[in-house]
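K.L.:
Please read through the structure below; I'll follow up with questions.
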Amino acid sequence: MPMLQVLKAHLDARRIPYEVVHHRRDFTAQETAAHTHTPGRLFAKTVIVAVDHKYCMFVLPANDQIDLEKVRQALKASEARVATESEVAHVCADCEPGAMPPFGNFYELPVYVSHHLIQDHMITFNAGTHEDVMRLLYQDYDKLVQPSVLDFTIAQ
611 MPMLQVLKAH LDARRIPYEV VHHRRDFTAQ ETAAHTHTPG RLFAKTVIVA VDHKYCMFVL
671 PANDQIDLEK VRQALKASEA RVATESEVAH VCADCEPGAM PPFGNFYELP VYVSHHLIQD
731 HMITFNAGTH EDVMRLLYQD YDKLVQPSVL DFTIAQ
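If you count the sequence shown from 1, you need to add 610 to reach the numbering used here.
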């Protein structure tokens, strides 16, 4: 089943309201944010990071960058690196590369969300493709995923 359908079924089963926005094909979070009329600080991009050889999902605003040194320090790890495209394709095989939704629980991955994202009431993210995004209340996302909140970004 395509990831968009998985997400819809997951949210519908829990009676969580959401909006799906179909847009032209984009490959960067900043482009997608612009084409879906979403401020970059409200559009969540998902980055898979290998932390001491264990994959973790990091969720941050589109206009921020991940700081691997902050990740390493926050998690008391000896190594933190962004996963390669082939690693991401293996972990999130049901999504287009770079379009993973921030639901690490679907992949049995721990999820870490930037403290910048929790400051707003909505969260918007790729829904498994480079043409679909989903928008829902942050509090609903938080209840579903139960991410850990960390400071691991460099604001742009």
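We put the CB at the ideal spot given by N, CA and C, even for glycine.
For Q726 and R635, I'd like the C-alpha separation in whole angstroms.
P.N.:
Here residue 726 is His; the residue named in the question, Gln, does not match the sequence. About 26 Å.
K.L.:
According to the Cβ coordinates, are I658 and A693 closer than 8 Å?
P.N.:
A contact, by the Cβ cut-off of 8 Å.
K.L.:
Establish whether the CB of L670 and some CB of chain C are separated by less than 8 Å.
P.N.:
Protein chains in the displayed structure number just one, and chain C is not present.
K.L.:
Nearest CA to the CA of L760: which residue from V616, R624, M744 and M667?
P.N.:
The candidate whose alpha carbon is nearest that of L760 is M667.
K.L.:
Between the segment 735 to 743 and the segment 703 to 723, can you find at least three pairs of beta-carbon atoms closer than 8 Å?
P.N.:
Counting Cβ pairs under 8 Å, three or more are found: they touch.
K.L.:
Which stretch, first to last residue, makes up the alpha helix (DSSP H) that contains Y722?
P.N.:
Premise fails: Y722 lies in the beta strand (DSSP E), V721 to S724, not in any alpha helix (DSSP H).
K.L.:
Just the Cα atoms here: how many angstroms apart are D622 and L747?
P.N.:
About 14 Å.
K.L.:
Confirm, please, whether the CB-CB distance from A654 to P671 is below 8 Å.
P.N.:
Cβ distance < 8 Å, so P671 and A654 count as in contact.
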